[in-house]
Each structure stands twice: as C-alpha cells, then as structure tokens.
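> Just dropping this structure here.
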Amino acid sequence: MDRDRSRREILQAAGILAGCGALLQLSIRPATATPEMMKDAVRGVIGEAPVKKGKVKLDLPPLVENGNSVPCTVSVDSPMTADDYVKAIHIFNEKNPQPNVISVKLGPRAGRASFSTRIRLADSQNVTAIAELSDGSFWSDDIDVIVTLAACVEEPKP
Amino acid sequence: MARALIHVPASAKKGDIIEIKTLISHVMETGYRIGVTGQPIPRDIIDDFVCTYNGEEVFHATLYPAIAANPYITFFTVATESGTLAFSWTDQHGATQVQTAAITVE
Chain A
11 MDRDRSRREI LQAAGILAGC GALLQLSIRP ATATPEMMKD AVRGVIGEAP VKKGKVKLDL
71 PPLVENGNSV PCTVSVDSPM TADDYVKAIH IFNEKNPQPN VISVKLGPRA GRASFSTRIR
131 LADSQNVTAI AELSDGSFWS DDIDVIVTLA ACVEEPKP
Chain B
3 MARALIHVPA SAKKGDIIEI KTLISHVMET GYRIGVTGQP IPRDIIDDFV CTYNGEEVFH
63 ATLYPAIAAN PYITFFTVAT ESGTLAFSWT DQHGATQVQT AAITVE
C-alpha cells in the first residue's frame with residue numbers, strides 16, 4: 011500500500027511539473043493580442059456604445075493559404091445620403107500582435123460604403139468589422155478565418 | 003518616397019459612383035520580425051492615407067501594421083464635378099507623398 015501510494019504521489023508530482031512546464035511555455039510565447047485585447051481595442055475606438063450584428067458585410071476568404079496578404083472587403087448597407095451615411099468602419103483581429111487592422115472615415119461623398127484592402131493575419135482567428143453610422147449606432151460582422159501560413163514568421167532576406 | 007499606382011476613371015457622368023484603386027510600394031515593416039542579427043527590425047509603416055476631391059476629404063484611412071506590404075486600397079466616391087483627386091500617404095516619420103489624378107465630369 012505504502013509503496014503504491016508513493017508511486018502515485020510521484021506520478022502526480024510529475025504530472026504537476028509537466029503542467030507547470032506547459033504553462034511556462036505558454037507564457038513565454040511571443041506576445042500576441044488576445045480576444046480580451048481586441049475587446050479593449052474595440053472599446054477604445056467606439057466607447058461603451060452597444061454593437062448590433064447586421065448591415066455590415068465583411069468579406070474574407072474562409073481558408074487563407076498565405077497570411078501575409080489576405081484580400082479583405084467591407085461593405086455596409088447604407089443609402090449614403092446627407093442625413094443617413096456611414097461615418098467610419100474599423101477592422102479588428104484577435105491574434106495578431108496588435109488588435110487594430112485599419113480604421114476608415116467616410117462621408118456622404120463616398121456614394122457607397124465599401125472599401126477593399128489586403129491585410130496580414132498571424133494565425134487562424136476571428137476578424138471583426140464595425141461600422142459607425144451617422145445616427146450614432148454601431149453595427150458589426152465577424153468571420154472566422156483559417157490561416158495555413160501565418161504572417162510575420164518568414165525569415166527576412168539577408 | 004515610393005512608386006504609387008492610382009486608377010481613377012478619366013471621365014464620368016455627374017452623380018455616378020466611381021471606384022478608385024490605389025497601390026503604393028512600401029515594406030510596411032511591422033516591427034515584430036527578428037532580423038538576421040537577432041535584433042528586431044524597426045517598425046516602418048505608412049499610417050495615414052487621405053483622398054481629397056477638389057480639396058474636400060472623401061476618404062481617410064488609418065493604417066496599422068496588420069496592413070499587408072504595398073498597401074492596396076480601393077474605395078468609392080461620387081463624381082460631382084471635374085477636377086483633381088489628390089491622394090496622400092504619410093508614413094510614421096511624417097514623410098508625405100502626394101499624387102494627383104484628373105477627372106472630367108459631364
């Protein structure tokens with residue numbers, strides 16, 4: 011009995027040590043943004059206003075082969091008239107080193123609330139677009155993207 | 003600063019919504035990569051892009067390191083009058099490059 015217990019204790023201790031090792035490894039990974047950092051960044055830009063789903067269409071390929079350049083289009087359902095237009099569109103991500111991607115200011119002169127660009131994605135993650143309308147409401151759309159080759163990992167040319 | 007490509011329709015009907023495509027060559031170095039010497043490569047990005055139509059701002063973007071190298075941005079505007087569209091890119095050191103395109107509106 012005694013011998014058994016001590017073996018179990020040793021195994022338990024080993025398990026705890028291994029767990030600690032894994033934790034340590036997690037904590038020394040290169041710093042990336044977390045979903046909490048994304049939430050903070052969103053709050054930093056739009057304040058405490060509620061964000062509703064809809065009106066915004068974020069267009070990203072669901073499976074990305076190369077995270078260094080991912081085509082990305084955001085369009086917002088809006089008439090873009092002088093009293094009903096999209097003021098701003100912001101894109102955020104969860105796991106790049108920084109949660110912000112791009113912030114765009116628009117006005118009724120834009121005619122169509124839509125723009126395209128190419129972005130970097132460091133990992134498979136959730137990307138969110140938030141639009142601010144002229145009436146002060148916020149609308150969002152998000153999409154989960156799988157990235158097979160992450161940005162920021164390739165060695166620079168010597 | 004760098005080579006920029008702009009596509010604006012040469013002419014448009016008054017009130018038409020026109021698509022504008024812009025591309026500028028720039029490394030958009032994130033500041034998160036490690037160089038061959040083991041030191042981080044310093045950040046070097048374009049962080050501001052503005053398009054004005056006859057002096058009036060129609061599109062303004064704040065860029066972060068998550069924008070891919072050679073920033074490519076397309077957007078829309080309403081063709082209101084003949085004139086020039088001015089595009090300006092500003093990098094984090096404050097250097098600005100301005101490029102213009104003319105448009106004829108009938």
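Protein chains in written order, with this note's numbering: chain A, 11 to 168; chain B, 3 to 108. Glycine included, every Cβ here is placed at the ideal spot set by N, Cα and C. Given the structure is predicted, the values throughout are model-derived calculations rather than measurements.
1. In the DSSP assignment, what residue or residues form a beta bridge with G85 of chain B?
2. Suppose you measure from the CA of A123 of chain A to the CA of S150 of chain A; what does that come to, to the nearest Å?
3. So what's E46 of chain A in DSSP terms, helix, strand or just coil?
4. May I have the straight-line CA-CA distance separating E104 of chain A from K15 of chain B, to the nearest angstrom?
5. Nearest to Q94 of chain B by CA position, among B:Q101, B:E83 and B:T64, is which residue?
6. On a CA-only basis, which of B:M30, B:G33, B:T54 and B:V107 is nearest T82 of chain B? Give me that one, please.
7. Do we get a CB-CB distance below 8 Å when we pair I26 of chain B with the residues of chain A?
8. Quick one: what does DSSP say Q94 of chain B is sitting in, helix, strand or coil?
9. Less than 8 Å separating the beta-carbons of L87 of chain B and I75 of chain B?
10. Can you round the beta-carbon distance between V53 of chain A and A68 of chain B to whole angstroms, since I take them to be within the 8 Å contact cut?
11. Closer than 8 Å by beta-carbon distance: list the chain A residues that pair up with I19 of chain B, in chain order.
12. Return helix, strand or coil for L159 of chain A, following the three-state DSSP convention.
13. Report, in whole angstroms, the separation of the C-beta atoms of L70 of chain A and I140 of chain A, which I expect to be a contact under 8 Å.
14. Quick check on R39 of chain A: buried or exposed, where buried means 16 or more other Cβ atoms within 10 Å of its Cβ?
15. Are the segment 29–40 of chain B and the segment 60–78 of chain A touching, with three or more C-beta to C-beta distances below 8 Å?
16. Go to A98 of chain A, then tell me how far its beta strand (DSSP E) extends in each direction, as first and last residue.
17. Could you compute how far the alpha carbon of K97 of chain A sits from the alpha carbon of Q22 of chain A?
18. Any idea if H100 of chain A is buried or exposed, counting beta-carbon neighbours within 10 angstroms, 16 or more meaning buried?
19. Taking the alpha carbon of Y66 of chain B as the point to measure from, which residue in A:K65, A:N110, A:E46 and A:K63 has its own alpha carbon closest?
20. Assign I26 of chain B to buried or exposed, taking buried as 16 or more other Cβ atoms, counted over all protein chains shown, within 10 Å of its Cβ.
21. DSSP on S16 of chain A, reduced to helix/strand/coil?
22. Beta-carbon of I140 of chain A versus every beta-carbon of chain B: anything under 8 Å?
23. On the premise that A70 of chain B lies in contact with S79 of chain A, defined as a C-beta separation below 8 Å, what is that separation, rounded to the nearest angstrom?
24. If you drop the 5 nearest sequence neighbours on each side, which residues of the same chain put their C-beta closer than 8 Å to that of R128 of chain A?
25. Please list the partners that G117 of chain A has in chain B, where partner means a Cβ-to-Cβ separation under 8 Å.
In short:
1. Answer is B:I105, bridged to G85 of chain B.
2. The C-alpha of S150 of chain A is placed about 14 Å away from the C-alpha of A123 of chain A.
3. E46 of chain A falls in the helix class under three-state DSSP.
4. The straight-line gap from Cα to Cα measures roughly 42 Å.
5. Closest option to Q94 of chain B, Cα to Cα, is B:T64.
6. The residue with the shortest Cα to Cα distance from T82 of chain B is B:V107.
7. Chain A, which has no Cβ nearer than 8 Å to the Cβ of I26 of chain B, makes this no.
8. Here Q94 of chain B sits in coil by DSSP.
9. It is not a contact, given that the beta carbons lie outside the stated cut-off.
10. Note that residue 53 of chain A is Arg in the sequence shown, not Val. Rounded to the nearest angstrom, the Cβ distance from R53 of chain A to A68 of chain B is 19 Å, too far for a contact under 8 Å.
11. Ordered by position in chain A, the residues that pass the 8 Å Cβ test against I19 of chain B are G121 and R122.
12. L159 of chain A: strand per DSSP, three-state reduction.
13. Between the beta-carbon of L70 of chain A and that of I140 of chain A there is about 15 Å, and that puts the pair past the 8 Å contact cut.
14. Model confidence at R39 of chain A stands at a pLDDT of 44, short of 50, so the residue's coordinates are unreliable; what they give is reported in the following sentence. Exposed, since its Cβ has fewer than 16 Cβ neighbours within 10 Å.
15. As far as the Cβ criterion goes, the segment 29–40 of chain B does not touch the segment 60–78 of chain A, which means the pair count is below three.
16. Its beta strand (DSSP E) spans residues V96 to N103.
17. Going from the Cα of K97 of chain A to the Cα of Q22 of chain A covers about 58 Å.
18. Classified as buried, H100 of chain A has 16 or more neighbouring CB atoms from the shown chains inside 10 Å of its CB.
19. Considering only alpha carbons, the answer is A:N110.
20. With 16 or more Cβ atoms within 10 Å of its Cβ, I26 of chain B is classed as buried.
21. The answer is helix: DSSP assigns S16 of chain A an H, G or I state.
22. With 8 Å as the cut-off, I140 of chain A does not count as an interface residue toward chain B.
23. At roughly 4 Å, the Cβ-Cβ gap stays under 8 Å, so S79 of chain A and A70 of chain B are in contact.
24. Listed in chain order, the non-local C-beta contacts of R128 of chain A below 8 Å within the same chain comprise S79, V80, P81 and C82, local neighbours out to five positions each way being set aside.
25. Going along chain B in sequence order, the residues near G117 of chain A (Cβ under 8 Å) are E59 and V60.
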